[in-house]
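The structure under discussion appears below in the form of structure tokens.
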Amino acid sequence: MSRRRTMSSRTVTQHHYEGGLLTGVLNSSHDGIMAFETVRDDRDQIVDFRWSVLNPAAAQIIERTAIDVIGRRVREEMPCTEEVFERYVDVVESGEPATIEYHVEKQGDDHWFLQTSVSLGDGLAVTFRDITEQRRLQRSLEHQAMHDQLTSLPNRILIEQRIADALIELAAEPSTVTVLFIDIDRFKLINDGLGHAAGDALLVQFAERLRSVLRPADSIARLSGDEFVVLLGDGEIDADGSVIERVLEACRAPYRVLDREVFASATIGVARADTPDVVASDLIATADRAMYGAKVLGGDRIAYACRSEHADCASRIALEADLHHAIDNDELRLVYQPIVSCESGDVVGAEALIRWQHPERGLVNPGEFLPIAEVTGLIRPIGVWALGAATRQLVRWIEAFPETAPDTVSVNVAAQQLVEAGFADTVRAALTEAGLAPDRLCIEVTETALIHEPKAAGETLRELADLGCEIALDDFGTGYSPLSYLRQFPVDAIKIDRSFVSGEGATTSNEELLQALIQFATMLGKQITAEGVEDAAQLALVRNAHRYQGFHFSRPLVPDDFSALLDR
Numbered sequence: 001m002s003r004r005r006t007m008s009s010r011t012v013t014q015h016h017y018e019g020g021l022l023t024g025v026l027n028s029s030h031d032g033i034m035a036f037e038t039v040r041d042d043r044d045q046i047v048d049f050r051w052s053v054l055n056p057a058a059a060q061i062i063e064r065t066a067i068d069v070i071g072r073r074v075r076e077e078m079p080c081t082e083e084v085f086e087r088y089v090d091v092v093e094s095g096e097p098a099t100i101e102y103h104v105e106k107q108g109d110d111h112w113f114l115q116t117s118v119s120l121g122d123g124l125a126v127t128f129r130d131i132t133e134q135r136r137l138q139r140s141l142e143h144q145a146m147h148d149q150l151t152s153l154p155n156r157i158l159i160e161q162r163i164a165d166a167l168i169e170l171a172a173e174p175s176t177v178t179v180l181f182i183d184i185d186r187f188k189l190i191n192d193g194l195g196h197a198a199g200d201a202l203l204v205q206f207a208e209r210l211r212s213v214l215r216p217a218d219s220i221a222r223l224s225g226d227e228f229v230v231l232l233g234d235g236e237i238d239a240d241g242s243v244i245e246r247v248l249e250a251c252r253a254p255y256r257v258l259d260r261e262v263f264a265s266a267t268i269g270v271a272r273a274d275t276p277d278v279v280a281s282d283l284i285a286t287a288d289r290a291m292y293g294a295k296v297l298g299g300d301r302i303a304y305a306c307r308s309e310h311a312d313c314a315s316r317i318a319l320e321a322d323l324h325h326a327i328d329n330d331e332l333r334l335v336y337q338p339i340v341s342c343e344s345g346d347v348v349g350a351e352a353l354i355r356w357q358h359p360e361r362g363l364v365n366p367g368e369f370l371p372i373a374e375v376t377g378l379i380r381p382i383g384v385w386a387l388g389a390a391t392r393q394l395v396r397w398i399e400a401f402p403e404t405a406p407d408t409v410s411v412n413v414a415a416q417q418l419v420e421a422g423f424a425d426t427v428r429a430a431l432t433e434a435g436l437a438p439d440r441l442c443i444e445v446t447e448t449a450l451i452h453e454p455k456a457a458g459e460t461l462r463e464l465a466d467l468g469c470e471i472a473l474d475d476f477g478t479g480y481s482p483l484s485y486l487r488q489f490p491v492d493a494i495k496i497d498r499s500f501v502s503g504e505g506a507t508t509s510n511e512e513l514l515q516a517l518i519q520f521a522t523m524l525g526k527q528i529t530a531e532g533v534e535d536a537a538q539l540a541l542v543r544n545a546h547r548y549q550g551f552h553f554s555r556p557l558v559p560d561d562f563s564a565l566l567d568r
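With UniProt numbering, the residue at position 440 of the sequence shown is 440, and numbering never jumps.
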């Protein structure tokens, strides 16, 4: 009897302890906790829930007290949507917990809660957690990721999303999507002359100027530096360009920067699309190109892109992407045009010319992909590849045809390569790897490659000359001051541009100029090669030159065909 009474006492004590523990947990929890019992009809279907537990945190969230709700039906005290009710029923019947996030407005403020429902057999427990601060932080981070910190305008990511959305809508409702690419004229002068603080102040005022003149439906973004993009809310409304003209006019008004009055206009490129198959970034790029074209003409104006440019832009981007992999995929080729002695008629040199055998497009014109390579910087790795391939090929010819192999192989070098630090070391490494003497490599540079950075270009050419390479000035006679280059740079040879020899360029005055160029270069001790010789008459015209190349002797040849030529 005593033992039974002791066990009963322990059980009661245990129940008191557990009950007190549960009450303590419920009362101290920062999460809202509620428990419901099911209310069923005669068919044993759940028709409602009855409150059985409501802790203080939950009471504060739902703005009810435990006295108000315990024992009462949920639908009477806290009207809930049919979706929420069905979710509660599903938790009870399936036994699977469910978590949702929902938003409420309390006293004018937005609040977010995370709610988890768990089955209790014939009822369920619901916990609430206030995640308002986390959501506000998330929104703040998302805003920062999508906006420019200086001007608070949308950035490239957000404006591209908005343009993409506008383009998608064209499928359902025919219209026009109009994008402006705006660049501040003279910004660099102000930023460099007055300091970055002045530049930032100008950017902020410029952004405000755009906001003030554009419509609420228009979207404005800052990309980087002094570049802005605008998506017009309705391109059809501004079919006559009045809104764009208003933007241009507003940008001309003076700005107050650090207590100074400064003047800065804008150049605007406009691109339009009326089909949903245009990519947002392509449309921006098209407007950018239109802007750049207007900038070249002096700025402070509007330029409209042709609609056909959208397709051209997409094709160019695809070609650029493929070009990145062309070397790794072994798609680039070198062909060689013979350089022939005017006196003996023997092959004395070979100019290496690059070709791209695209797996789908076939042979891509160099004029199509080389400009892309120069703009993207791919010309550097492509140039290194060409240098290695050409030097190795000449070594193979020397070994196979020691009597008739070309004296030199000529490789064209772009301006970016010429001014790149360490380019002479790159050439030295290629020669060493191939096992070719430096004096059997001719580096060809154009006059335009020397114009932009003559100091850096000159240093590189002197390093190459000291290495023992031959330096040839290509397209000679087409620049602003071709003769001065012969004095300024260590040039061994000149290649007279084909315009003096072939086609419509072969006029009497050009013939006289050609002879004068040959005579002058000969006096300076330079080797002279005439380019573009296509027939016997033109060959007679350049008879005083040392060498020539052109279709009269041979088109550019693949290595095997060039080998056959040497083997005759």
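Each residue gets a CB set at the ideal place from its N, CA and C atoms; glycine is no exception.
For this session: Within 10 angstroms of the Cβ of arginine 272, are there 16 or more other Cβ atoms? Answer buried if so, exposed if not.
Result: buried
Problem set entry | Top-ranked residue by Cα proximity to alanine 537, from His552, Ile528 and Gly383 | His552
Exercise. By a C-beta neighbour count over all protein chains shown, 10 Å radius and 16 as the cutoff for buried, is leucine 223 buried or exposed?
Worked result: buried
Problem set entry | Nearest neighbour of valine 279, chosen from Arg487, Asp165 and Asp130 [CA to CA] | Asp165
For this session: Taking glycine 71 as the reference, give the member of Val53, Tyr88 and Ala57 with the closest Cα.
Result: Val53
For this session: Kindly indicate the opening and closing residues of the alpha helix (DSSP H) around threonine 132.
Result: 132–146
Exercise. Pick from Leu486, Thr460, Asp497 and Leu467: whose alpha carbon is nearest that of aspartate 474?
Worked result: Asp497
Exercise. For the beta strand (DSSP E) that leucine 114 lies in, which residues bound it at each end?
Worked result: 109–119
Problem set entry | Distance, arginine 40 Cα to leucine 124 Cα | 14 Å
Problem set entry | Cβ neighbours of isoleucine 190 in the same chain (closer than 8 Å, five flanking residues each side left out) | Ala198, Gly199, Leu202, Val257, Val262 and Ala264
Exercise. In three-state DSSP terms, what is asparagine 412?
Worked result: strand
Problem set entry | Backbone secondary structure at aspartate 48 - three-state DSSP | strand
Exercise. Between lysine 295 and the rest of its own chain, which residues show a CB-CB distance below 7 Å, the 5 nearest in sequence each way excluded?
Worked result: Asp183 and Thr267
Exercise. Helix or strand or just coil, what does DSSP make of isoleucine 100?
Worked result: strand
For this session: Ignore the nearest five residues each way along the sequence and tell me which others in tyrosine 17's own chain have a CB closer than 8 Å to its CB.
Result: Any answer about tyrosine 17 is weak, because its pLDDT of 42 lies below 50 and its placement is not dependable; what the coordinates show is given next. Closer than 8 Å at Cβ, skipping near neighbours: no residue.
Exercise. Alanine 280 by DSSP, collapsed to three states: which one?
Worked result: helix
For this session: On the DSSP bridge assignment, give the partners of serine 219 in chain order.
Result: Leu231
Exercise. Cα separation between aspartate 122 and alanine 57?
Worked result: 24 Å
Problem set entry | Own chain residues within Cβ distance below 7 Å of leucine 524, not counting five before or after | Leu486
Problem set entry | For serine 94, the three-state DSSP class (helix, strand or coil) | helix
Exercise. Roughly how many whole angstroms lie between the Cα atoms of aspartate 234 and valine 213?
Worked result: 15 Å
For this session: Pick out whichever of Gly468, Asp90, Ser94 and Asp148 has its Cα sitting closest to the Cα of aspartate 229.
Result: Per the sequence presented here, residue 229 reads as valine, with aspartate not at that position. Nearest C-alpha to valine 229: Asp148.
For this session: Label tyrosine 480 either buried or exposed according to how many other C-beta atoms from any shown protein chain fall within 10 Å of its C-beta, with 16 as the threshold for buried.
Result: Interpretation of tyrosine 480 is limited by its pLDDT of 47, a score under 50 that renders its predicted location unreliable; the figure taken from the coordinates is listed afterwards. Tyrosine 480 should be labelled exposed.
For this session: Identify, in the order they occur along the chain, each residue of the same chain with its Cβ nearer than 6 Å to the Cβ of aspartate 561, setting aside the five sequence neighbours on each side.
Result: none
Problem set entry | N- and C-terminal bounds of the beta strand (DSSP E) containing aspartate 328 | From DSSP, aspartate 328 is part of no beta strand (DSSP E); its letter is neither H nor E.
Problem set entry | Nearest candidate by alpha-carbon position, reference glutamine 45, set Glu86, Ile61, Val69 and Thr65 | Glu86
Exercise. What do you get for valine 47, buried or exposed, if any count of 16 or more other CB atoms within 10 angstroms of its CB means buried?
Worked result: exposed
Exercise. Hey, glutamate 512 and leucine 541 are a contact pair by Cβ (cut 8 Å); roughly how many whole angstroms apart?
Worked result: About 11 Å; that fails the 8 Å criterion.
Exercise. Short check: CB of isoleucine 302 to CB of isoleucine 244, under 7 Å?
Worked result: yes
Exercise. Hey, out of Val340, Thr404 and Ser119, whose CA is closest to valine 533's CA?
Worked result: Val340
Exercise. What three-state label does DSSP hand phenylalanine 206 in the structure shown?
Worked result: helix
Problem set entry | Counted within 10 angstroms of its Cβ, other Cβ atoms place arginine 75 as buried (16 or more) or exposed | exposed
For this session: Count the CB pairs spanning the stretch 375–386 and the stretch 399–410 that are closer than 8 Å, and state whether there are at least three.
Result: no
Problem set entry | Start and end residues, beta strand (DSSP E) containing residue 606 | Missing from the structure shown is residue 606; the chain here goes from 1 to 568 and no further.
For this session: List the whole-angstrom C-beta distance separating proline 559 from tyrosine 336, where the pair is believed to meet the contact cut-off of C-beta under 8 Å.
Result: 7 Å
Problem set entry | Between the CA atoms of alanine 434 and valine 348 - distance to the nearest angstrom | 20 Å
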